[in-house]
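Numbering (UniProt numbering), first residue to last: 1 to 332. Positions of the beta carbon are idealized from the N, C-alpha and C atoms, including for glycine. Please read all numbers here as calculations on a predicted model, not as lab measurements. Working notes for the structure below.
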Ligand code: NDP
Ligand code: GDR
């Protein structure tokens, strides 16, 4: 039985990856940081099947212990401060959690289990300002946020450990990927949640930033398979994972709101609070290398993804309404 260690297992990608690896028969160790209120929401259906390890990205000793305890064949380093907008008000925390922590994790693996295969969660945000479209593995980086700059560091330190210590270290340059488990502050989930709440009468308006930015949005469930495929190859390498299709935030709004028979223009208010100091105008990936070498393929398209997210939010908001109604009746 293979053993995998996942940092960031409580996040969107970590939870899909853990499910995928458990289905493949892996023993899955998940790193969870200590919080005052533990959050197992994304992992609730597999909580008892994960071997939980308490560790923090910023604490090398705890990561060394995590690698020692799990003795992994594969390490998936997904934990980070992952919200781009938060990286301007918190640039130093972002550098620690998204950049330097990658060295912590690589060091933990180098010291305790250098033969383990290592996956680093790199990002299309590294491309930032448009230099070339579509963006591929050889496109130069030009990050536009403290988050993007931190991910560039994480990417290059991974390449450097591969070249310096002969470690099997891969960097997956993943374009935006979404799901019903996406955090509520990211634009797709903010929109799907708002479409559901407005439809059900719980919200009156939706405050948004730049509606013209273009993103290449895929489904997280498809993308975690690519992470695994990268670690099954004979040689470590870096791969772009994307859909090769882009849409504006405006199209996202249109797709989500029209699905519940609403016109987004009646509800959206532009609020400077959500406009970024520097924007990534356009992301469009070319994943030919991943298709050819990994045999990776996309299963869920843009409309299907948005509809899936709105459906799940409708279900969740309806359940909230029912719960509040029964609570009010019980309290009377
Ligand atoms: P999430 O924000 O959903 O998950 C981030 C995870 O990191 C959470 O489990 C979080 O734990 C954990 N974490 C944060 N800080 C610490 C810490 N100090 N110690 C231990 N764990 C910590 O991100 P996603 O699942 O969307 O993304 C996974 C990775 O992929 C991230 O590195 C992200 O930057 C990168 N990425 C994501 C893309 C996307 O479109 N989703 C695209 C490209 C790259 P907690 O639950 O306690 O907050
Ligand atoms: P992004 O995702 O920054 O691409 O990073 P996000 O969903 O936050 O933004 C996408 C685009 O939408 C525009 N936008 C808004 N965004 C948010 N969050 N809220 C708004 O109200 C809003 N209005 C417009 C943004 O300006 C942006 O152009 C995600 C994260 O998962 C990163 O961790 C990952 O590395 C990259 O994707 C690839």
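Sorted by chain position, which residues of the same chain lie with C-beta nearer than 7 Å to residue 197's C-beta, five sequence neighbours on each side aside? Once the five neighbours on either side are set aside, the close Cβ partners of residue 197 are 203 and 317.
Would the stretch 224-243 count as touching the stretch 260-274 if we require 3 or more Cβ pairs under 8 Å? With the cut-off at 8 Å, the stretch 224-243 and the stretch 260-274 do not touch.
message = If distances are taken between C-alpha atoms only, which option among 190, 133, 100 and 305 comes closest to residue 59?
response = Ranking the options by Cα distance to residue 59, first place goes to 100.
Just tell me which of 104, 48, 36 and 90 has its CA closest to the CA of residue 66.
Among 104, 48, 36 and 90, the Cα nearest to that of residue 66 is on 104.
message = Is residue 209 a contact residue of the ligand GDR, with contact defined as CB to any heavy atom under 6 Å?
response = Yes, the ligand GDR has a heavy atom inside 6 Å of this Cβ.
Report yes if the C-beta of residue 123 is less than 6 Å from at least one heavy atom of the ligand GDR; otherwise report no. For residue 123, the shortest C-beta to heavy atom distance toward the ligand GDR is below 6 Å.
Contact check, residue 306 vs residue 248, beta carbons under 7 Å = No Cβ-Cβ contact shorter than 7 Å links residue 306 with residue 248.
Residue 215 - partner residues in DSSP beta bridges: Beta-bridge annotation (DSSP): residue 215 is paired with 247.
For residue 174, is the beta carbon positioned less than 6 Å from some heavy atom of the ligand NDP?
Correct: residue 174 has its Cβ closer than 6 Å to the ligand NDP.
> Which word fits residue 48, buried or exposed, when buried means at least 16 other C-beta atoms lie within 10 angstroms of its C-beta?
Replying inline: Around the CB of residue 48, fewer than 16 other CB atoms lie within 10 Å, so the residue is classed as exposed.
>> Just to confirm the assignment: which complete alpha helix (DSSP H) runs, minimum length 4, are found wholly within the stretch 236-296?
In response: Whole alpha helix (DSSP H) segments, 4+ residues: 249-259.
Taking 6 Å as the cut-off, is the C-beta of residue 82 nearer than that to any heavy atom in the ligand NDP? The closest heavy atom of the ligand NDP lies less than 6 Å from the beta carbon of residue 82.
Of all the options 25, 192, 175 and 117, which has the alpha carbon lying nearest to the alpha carbon of residue 314? Among 25, 192, 175 and 117, the Cα nearest to that of residue 314 is on 192.
**Request:** Give a yes or no on contact between the stretch 204-213 and the stretch 318-330, applying the rule of three or more CB pairs nearer than 8 Å.
**Result:** Short answer: they don't touch.
For this session: Pick out the complete alpha helix (DSSP H) segments inside the stretch 156-206, 4 residues or longer, and give them in chain order.
Result: The stretch 156-206 contains, as complete alpha helix (DSSP H) runs of 4+ residues, the segments 187-199 (chain order).
* To do: Classify residue 7 as helix, strand or coil using the three-state DSSP reduction.
  => Strand, per DSSP.
Boundaries (first-last residue) of the alpha helix (DSSP H) holding residue 88
Per DSSP, residue 88 belongs to no alpha helix (DSSP H) and is neither H nor E.
Between which two residues does the alpha helix (DSSP H) containing residue 14 stretch?
-> Membership of residue 14 in the alpha helix (DSSP H) is indicated by the continuous run 12-23.
Is residue 213 close to the ligand GDR? I mean its beta-carbon at under 6 Å from any heavy atom of the ligand. Yes, since a heavy atom of the ligand GDR falls inside the 6 Å radius drawn around the Cβ of residue 213.
Check your understanding: What are the boundary residues of the alpha helix (DSSP H) that includes residue 221?
Key -> Element bounds for residue 221: 220-231.
Residue ranges of each alpha helix (DSSP H) within the stretch 92-133, 4 or longer: 101-112, all fully within the stretch 92-133.
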